[in-house]
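Chemist:
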Ligand code: NAD
Ligand code: DAU
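Okay, structure coming up:
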C-alpha cells in the first residue's frame, strides 16, 4: 500500500545492492553507509564507465561489509546472480549516464543505461522479491531509485518543483531519467514492488568528475585556463552538498513510505556566474592570484549556450522535512569552502582523472581485465 513505512531501523541488517557506487554520489554514499551502518552489507555494481573511479573508494575497499563487482546493470544474468548470491533485500540505484552535455552529443548510452538498465534492475527485483504468486517474500525489501529535479523541466523566475509538479523533461538526459522514474512508479502500482523515488537538485562536493561545473571550474582556475560560462551565466541551480544528499537517501530508505517520492534540495539557489565568481575568490584567497598577478575572475569566459539550456531549477523540499525530518545541514558558503579545500588537498585524485591514469587503477587492483575502448567512452 502506498505510504507503508519501512520495517528497517538503524541496527538492522540490510543486504544492499548499490549501483553506480564508483561515481560521484555513489562513492560518497557507500563510504557513509559503511561508516554509519555497521550491520549493512554493500555490494557495489559498477561498469566503470569514464565516470566510475575505483580510487574514490580506495580507503574502504577492504572493509568487511563491502564487495565491488564490475559489471553492467543491463546484464540481466549478472544482476540476477548478485540478487541470489547475496540475498539482496535493498537496492539503491545510482548508476546512470549523468552529464547533460554528453546526452546532447551522444544520447544512445543514456537511453540504454538509464532506461533499459533501470528496467533490468526492477524486473530482477520483482522476480526475486515478489516471486510468481505476488508478495511472498521481501517484506522488508526496498528499491530506492535515485533521480533528479531535471525531470520537472525548467522554471521561470519564481516557483518551486514539488512532488506533484508535472514531468516536463527537456534534454535527452532528463527524458531518460523521467522514463526510468515512470518505470519505477509503474512497478509499484502494477506489481506492488516496494519502490521509493528521490528527485534531487545539483550536488557538489568531493569526488565529482571534473566535467561538471564546480570541479571543472576549480581545475581550470588552478591551471589558469578559461572558465567557460554558458550563455549569460544567469541560469539558476539549487546546490546541495553531496553528503546531505546521501543522508537524505538513508533517511528515505529507513523511514520513507513505499510508492512515495521525495524532493531533495539545498535551499541554495545561485546563478551560475555567482558560483563561478565565488570559486575564483575562494581560490585566490587560498592559493594567491594567478602568476600574472591577475585575480581568477579574469579567466571567466562567456561561451555559446548549452542547447535547450534549462533556465532555473528550484526544489521545494518541504515534504521530506515535514514527513521524515530531513533538512540539509551544510550551508552553501561552508560547503564551497570545504569542497575547494578537498580538491586542493586531493590533487593526485584530480590529476589522475585529468590525465586518465585513474583508468589503470582497476587493472592494478584486480589484475588482467583491461578496460576496452568501448568502455572508455
Ligand atoms: P556519475 O556520472 O558521477 O556516476 C555514475 C556511475 O554509474 C559511474 O560510476 C558509472 O561507472 C556507473 N555506470 C554508468 N553506467 C553504468 C551501467 N550501465 N552499469 C553499471 N554502472 C554504470 O553520476 P552521479 O553524479 O554520481 O549521479 C548518480 C545518480 O544520481 C544518477 O542517477 C543521477 O541521475 C542522479 N543525480 C545526480 C545529481 C548530481 O548533481 N550529480 C543530482 C540528482 C540526481
Ligand atoms: O539538477 C540535477 C542535475 O544536476 C543532475 O541530474 C545531473 O546529473 C547533474 O549533472 C547536474 O546537471 P546540470 O546540467 O545542472 O550540471 P552541470 O554541472 O553540467 O551544469 C551546471 C550549470 O552550469 C548548468 O546551468 C550549465 C552550466 N555550465 C556547466 C558547465 C559544465 C556552465 O556554464 N559551464 C560549464 O562548463
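In the working numbering, the protein residues as written are 244 to 620.
Where is the CB? At the ideal position from N, CA and C, for every residue including glycine.
The structure displayed is predicted, hence computed values, not measured ones.
Between 413, 386, 274, 601, which lies nearest to residue 497 when the distance is taken from Cα to Cα?
Modeler: Comparing Cα-Cα distances from residue 497 to each of 413, 386, 274, 601, the minimum goes to 386.
Chemist: Return the chain-ordered ranges of every alpha helix (DSSP H) run that is complete within the region 513-588 and spans a minimum of 4 residues.
Modeler: Entirely contained in the region 513-588, the alpha helix (DSSP H) runs reaching 4 residues are, in chain order, 515-530, 561-567, 575-588.
Chemist: Return yes when at least one heavy atom of ligand 1 lies under 8 Å from the C-beta of residue 292, else no.
Modeler: Yes, ligand 1 has a heavy atom inside 8 Å of this Cβ.
Chemist: Is residue 454 near ligand 2, in the sense that its beta carbon is under 8 Å from a heavy atom of that ligand?
Modeler: Indeed, a heavy atom of ligand 2 lies less than 8 Å from the Cβ.
Chemist: Give the DSSP-derived three-state secondary structure of residue 447 in the structure shown.
Modeler: Residue 447 falls in the strand class under three-state DSSP.
Chemist: Throw me the rounded Cβ distance for the residue 472 and residue 363 pair, which I believe falls under 8 Å.
Modeler: Wrong, their Cβ atoms sit about 38 Å apart, outside the cutoff.
Chemist: Just the Cα atoms here: how many angstroms apart are residue 446 and residue 283?
Modeler: Answer to the nearest angstrom: the Cα atoms are 25 Å apart.
Chemist: Per the DSSP calculation, residue 504 is bridged to which residue(s)?
Modeler: For residue 504, which the question treats as bridged, DSSP gives the partners 440.
Chemist: Please state whether the Cβ-Cβ distance between residue 443 and residue 396 is less than 9 Å.
Modeler: Cβ distance not < 9 Å, so residue 443 and residue 396 don't count as in contact.
Chemist: Work out the CA separation of residue 592 and residue 296 for me, nearest whole Å.
Modeler: Between residue 296 and residue 592, the C-alpha separation is close to 10 Å.
Chemist: Put residue 481 into one of helix, strand or coil per three-state DSSP.
Modeler: It is a strand residue.
Chemist: Buried or exposed for residue 537, please, with buried defined as at least 16 other CB atoms from any protein chain shown within 10 angstroms of its CB.
Modeler: Exposed, because fewer than 16 other Cβ atoms sit within 10 Å of the Cβ of residue 537.
Chemist: How about residue 451 and residue 267: do their beta carbons lie closer than 9 Å?
Modeler: Yes, they are a contact pair.
Chemist: By the three-class DSSP mapping on this structure, what secondary structure does residue 388 have?
Modeler: Looking at residue 388 - three-state DSSP - the assignment turns out to be strand.
Chemist: Looking at the structure shown, is residue 415 part of a helix, part of a strand, or coil, going by DSSP?
Modeler: Helix at residue 415.
Chemist: When the distance is taken between beta carbons, is residue 453 closer than 9 Å to residue 485?
Modeler: Contact flag unset, no.
Chemist: In the DSSP output, which residue or residues are listed as bridge partners for residue 284?
Modeler: DSSP lists 258 as partners of residue 284.
Chemist: Does ligand 2 have a heavy atom nearer than 8 Å to the CB of residue 445?
Modeler: It does: the Cβ of residue 445 is within 8 Å (strictly closer) of some heavy atom of ligand 2.
Chemist: Under the DSSP definition of a beta bridge, which residues are partnered with residue 471?
Modeler: BP columns for residue 471 point to 544.
Chemist: Which two residues bound the contiguous beta strand (DSSP E) that contains residue 310?
Modeler: Run containing residue 310: 309-313, per the beta strand (DSSP E) assignment.
Chemist: Consult DSSP for residue 336 and reduce its assignment to one of helix, strand or coil.
Modeler: It is a strand residue.
Chemist: Does ligand 2 have a heavy atom nearer than 8 Å to the CB of residue 515?
Modeler: For ligand 2, at least one heavy atom lies less than 8 Å from the Cβ of residue 515.
Chemist: Can you tell me the Cα-Cα spacing of residue 539 and residue 482, whole angstroms?
Modeler: Each residue's alpha carbon lies about 22 Å from the other.
Chemist: Taking 9 Å as the cut-off, decide whether the C-beta atoms of residue 321 and residue 286 are in contact.
Modeler: Contact: no.
Chemist: Of the choices 315, 372, 307, whose alpha-carbon is the least far from that of residue 330?
Modeler: The shortest Cα separation from residue 330 among 315, 372, 307 belongs to 372.
Chemist: Comparing alpha-carbon positions, which option in 275, 476, 343, 384 lies nearest residue 438?
Modeler: Nearest option by C-alpha distance: 384.
Chemist: For residue 452, which three-state DSSP category applies?
Modeler: It is coil, neither helix nor strand.
Chemist: Less than 9 Å between the C-beta atoms of residue 474 and residue 542, yes or no?
Modeler: No, they are not a contact pair.
Chemist: Given the structure, does residue 487 come close to ligand 2, in the sense that its CB is under 8 Å from one of the ligand's heavy atoms?
Modeler: No, since every heavy atom of ligand 2 falls outside the 8 Å radius drawn around the Cβ of residue 487.
Chemist: Is there at least one non-hydrogen atom of ligand 2 closer than 8 Å to the beta-carbon of residue 510?
Modeler: Not so, every heavy atom of ligand 2 lies at least 8 Å from the Cβ.
Chemist: At a cut of 8 Å, does the region 582-597 reach the region 423-434 through at least three beta carbon pairs?
Modeler: No contact exists between the region 582-597 and the region 423-434.
Chemist: On a CA-only basis, which of 392, 567, 608 is nearest residue 480? Give me that one, please.
Modeler: Answer by Cα proximity: 392.
Chemist: In the DSSP assignment, find the alpha helix (DSSP H) that holds residue 598 and state where it starts and stops.
Modeler: 590-598 is the extent of the alpha helix (DSSP H) around residue 598.
Chemist: Just checking residue 552 against ligand 2 - is the residue's beta carbon closer than 8 Å to any of the ligand's heavy atoms?
Modeler: Under cutoff, so the answer is yes.
Chemist: Helix, strand or coil for residue 318? Go by DSSP, reduced to three states.
Modeler: Residue 318: coil per DSSP, three-state reduction.
Chemist: Counting along the chain, where does the alpha helix (DSSP H) carrying residue 344 start and finish?
Modeler: Where residue 344 is concerned, the enclosing alpha helix (DSSP H) stretches over 343-348.
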